[in-house]
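The sequence shown runs 2 to 139 under the numbering used here.
Glycine included, C-beta positions come from ideal geometry on N, C-alpha and C.
These figures come from a predicted structure and were not determined experimentally.
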Amino acid sequence: MREVVVGGKTYSYSENCEKSFVRSMNNKKRREIQLRRRVVTFCVSVSVIIFLALILSFSFKSDASSSDDHQQYRYYSSVSIASGDSVYSIAEKYMDDLHYRDINELAHDIASINRISTNTDLVAGSKIFVPYYDDFIK
Numbered sequence: 002m003r004e005v006v007v008g009g010k011t012y013s014y015s016e017n018c019e020k021s022f023v024r025s026m027n028n029k030k031r032r033e034i035q036l037r038r039r040v041v042t043f044c045v046s047v048s049v050i051i052f053l054a055l056i057l058s059f060s061f062k063s064d065a066s067s068s069d070d071h072q073q074y075r076y077y078s079s080v081s082i083a084s085g086d087s088v089y090s091i092a093e094k095y096m097d098d099l100h101y102r103d104i105n106e107l108a109h110d111i112a113s114i115n116r117i118s119t120n121t122d123l124v125a126g127s128k129i130f131v132p133y134y135d136d137f138i139k
C-alpha cells in the first residue's frame with residue numbers, strides 16, 4: 002500500500018480513497034437535500050400564486066354578477082314647464098340620488114337630451130324630456 006502525507010498526517014492510499022468517497026457521498030446527499038428544498042419552495046410559491054389569482058378572479062366575478070341582479074331601465078317623461086322654471090329647478094324636482102351624483106349632473110343630462118344648454122330660458126307651457134329609471138321593461 003502506498004502512503005501519503007497530508008498536513009502532517011500519514012494516510013494509506015485505501016484510507017484516502019475511503020475519505021474521498023465519504024466526502025463525495027456527503028456532498029451528494031447535501032445537493033439532493035438542497036434540490037428537494039428548491040423544488041418544495043417552487044411548488045409552494047406557484048401554489049400560493051395560483052390560489053391568490055383564483056381568489057381575485059372570483060371576487061371580481063362576484064362584483065360583476067351582483068350588479069346584474071337588479072337591472073334598471075332608463076325612460077323619459079315629458080314635463081310641462083311652469084313660469085320661472087329652469088333646467089336646474091327641474092333637475093332639483095326630479096333628482097335621483099341612485100343614478101346621479103348631484104343636481105349638476107342631472108341638469109346636464111336633461112340639457113343634453115333636449116339639445117339645449119343648462120342656461121337656456123325655458124318658455125312656460127312648453128315641454129321637455131326628463132330621464133327616470135325603473136326596474137321593469139315598459
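Which residue comes first and which comes last in the beta strand (DSSP E) that contains Asp-135? As a position in the sequence shown, residue 135 is number 134, starting the count at 1. Note, Asp-135: beta strand (DSSP E), 128-135.
With three or more beta-carbon pairs closer than 8 Å as the criterion, would you say the segment 100-118 touches the segment 75-92? yes
Name the residue from Phe-130, Gln-73, Ser-46 whose alpha carbon lies nearest to the alpha carbon of Asp-147. Absent from the model: residue 147. The displayed extent of the chain is 2 to 139, so no value can be given.
Among all the DSSP beta bridges, which residues are the ones paired with Arg-75? Taking the first residue of the sequence shown as 1, we reach residue 75 at position 74. Beta-bridge pairing links Arg-75 to Tyr-134.
If you run the structure through DSSP and keep just helix, strand and coil, what is Lys-20? Position 19 of the sequence shown, counted from the start, is the residue given in the question as residue 20. Helix, per DSSP.
First through last residue of the alpha helix (DSSP H) which encompasses His-109: Here residue 109 refers to the residue found at position 108 of the sequence shown. 104-115 is the span of the alpha helix (DSSP H), which, as asked, contains His-109.
Going by C-alpha distance, which of Ile-129, Tyr-134, Met-96, Glu-19 is nearest Arg-116? Mapped onto the sequence shown, residue 116 falls at position 115. Closest option to Arg-116, Cα to Cα, is Ile-129.
Suppose the cutoff is 8 Å on Cβ atoms and the five residues either side in sequence are ignored; what does the same chain contact list for Tyr-133 look like? Within the sequence shown, residue 133 is the residue found at index 132, counting from 1. Cβ neighbours of Tyr-133 beyond the five flanking positions: Arg-75, Tyr-76, Tyr-77, Ser-78, Tyr-95, Asp-97.
Element boundaries [alpha helix (DSSP H), containing Ala-92]: For the purposes of this step, residue 92 is taken as the residue at position 91 of the sequence shown. Counting along the chain, the alpha helix (DSSP H) containing Ala-92 begins and ends at 88-94.
Closest to Arg-101 by CA distance: which of Asn-28, Val-131, Gly-126 is it? If you number the sequence shown from 1, residue 101 lands on position 100. According to the sequence as given, residue 101 is Tyr; it is not Arg. It is Val-131.
Which of helix, strand or coil DSSP assigns to Lys-30: As a working mapping, residue 30 is identified with position 29 in the sequence shown. Looking at Lys-30 - three-state DSSP - the assignment turns out to be helix.
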